[in-house]
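Asker: In the working numbering, the protein residues as written are -13 to 170. Cβ coordinates follow ideal geometry from the N, Cα and C atoms, glycine included. Since the model is a prediction, treat every value here as computed from it, not as a measurement. Mind having a look at this structure? Questions to follow.
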Amino acid sequence: MSESTPDRASAAAAVSSSVIESVAAATPSDALLSPGATHFCELPLRWGDSDALNHLNNTLYFRLMEEARIQILYAAQLRVPDDVGPILAHASCDFLRPLTYPASVRVTHTLIRVGRSSIEFELMLEKVGEENQGKPYARGRNVWVWMDYVANRSAPWPPATLAALARVLTPPAVGAAAGGPEAG
C-alpha cells in the first residue's frame, strides 16, 4: 500500500499539472492582465542629468521610463530563454513641463491593452510629492512585444509570463480601493 501511494501522488500531481497548463494555455492574455493595472517606482534625478537651464535633458525621460520598465521585468522574475523574450517595439514621450534637479520622479505604468504578442502601457512622470494633482511632467507610451529571436518575429506571450507580470502590477480595483474615499 505504501508503494502505491507515491504512484497515486505522482499521477495526481501530473493530472493537476496538466490541468493547470491546459487552463493557462486556454486563458486569454487579457484575463491574466487587466487594463488599468498599474506599477510605479520612484527614481531620483541626478545633478549631472540637467542641462545649463537645470532642466532634465530630454533623453533622460526615456532613461527614467527604461529603468521603470526594467524594474517591472525584474520584479516579475522573468527567466527568459535566449531564443525568446520581450522587446520594446515603441516608445514615445510628450514633454509637458520641465523636470528640474533636485527631485525624485514617480514613473507610473498603466496597462492599456494586451494583445496576442504585444502589451501597451501609458506612462506618467510626476514629481514625488506632487502625485495626483493632474499635472504630469511627461506622458509616454510603450509597446512591448514578445519576440522569437530565432525566427525574428513576434510570438504569443507565454501564459506563465503574463501571470508573472500580473503578480507585479496592481489590479485596477485594488488601486482604486487603496486610493478611493473608502480607504480613509
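What's the C-alpha gap between Pro21 and Leu39?
Answerer: Their backbone Cα atoms lie some 38 Å apart in a straight line.
Asker: Measure from the alpha carbon of Phe81 to the alpha carbon of each residue in Glu116, Trp143, Asp35, Glu112, then state which is nearest.
Answerer: Of the listed residues, the one whose Cα sits closest to Phe81 is Glu112.
Asker: In chain order, what residues of the same chain lie with their CB nearer than 7 Å to the CB of Ala152, ignoring the 5 residues before and after it?
Answerer: So the list reads Leu18, Leu19, once near-sequence residues are dropped.
Asker: Measuring alpha carbon to alpha carbon, tell me which residue in Ala137, Trp143, Ala146 is nearest Asp69.
Answerer: Checked all of Ala137, Trp143, Ala146; the closest Cα to Asp69 is Ala137.
Asker: Given this structure, state the Cα-to-Cα distance separating Val131 from Ser36, to the nearest angstrom.
Answerer: One C-alpha to the other measures close to 32 Å.
Asker: Can you check whether the CB of Glu106 is closer than 8 Å to the CB of Val129?
Answerer: In contact: Val129 and Glu106 (Cβ atoms closer than 8 Å).
Asker: Rounded C-beta distance between Ala23 and Thr156? I'm assuming under 8 Å.
Answerer: That pair is a contact at about 6 Å.
Asker: Is Val136 helix, strand or coil by DSSP?
Answerer: If DSSP states are grouped into helix, strand and coil, Val136 belongs with coil.
Asker: Does the Cβ-Cβ distance between Leu42 and Pro88 come in under 8 Å?
Answerer: No; because the gap between Cβ atoms is not below 8 Å, this pair is not in contact.
Asker: Work out the CA separation of Gly120 and Arg92 for me, nearest whole Å.
Answerer: Whole-angstrom Cα-Cα distance: 13 Å.
Asker: Considering only DSSP beta bridges, list what Asp80 is partnered with.
Answerer: In the DSSP output, where bridge partners are listed per residue, Asp80 has Arg125.
Asker: What three-state label does DSSP hand Gly34 in the structure shown?
Answerer: It is helical.
Asker: For Arg102, which of helix, strand or coil comes out of DSSP?
Answerer: In this structure, Arg102 counts as coil in the three-state DSSP scheme.
Asker: Run through DSSP, which three-state label would Ala75 get?
Answerer: Reduced to three states, the DSSP call for Ala75 is strand.
Asker: How close, in whole Å, do the beta carbons of Pro122 and Met133 come, if the pair is a contact with beta carbons under 8 Å?
Answerer: Incorrect: roughly 30 Å between the Cβ atoms, too far for contact.
Asker: Do Glu28 and Val114 count as a contact pair if the criterion is CB distance below 8 Å?
Answerer: In this structure, Glu28 lies closer than 8 Å to Val114 by Cβ.
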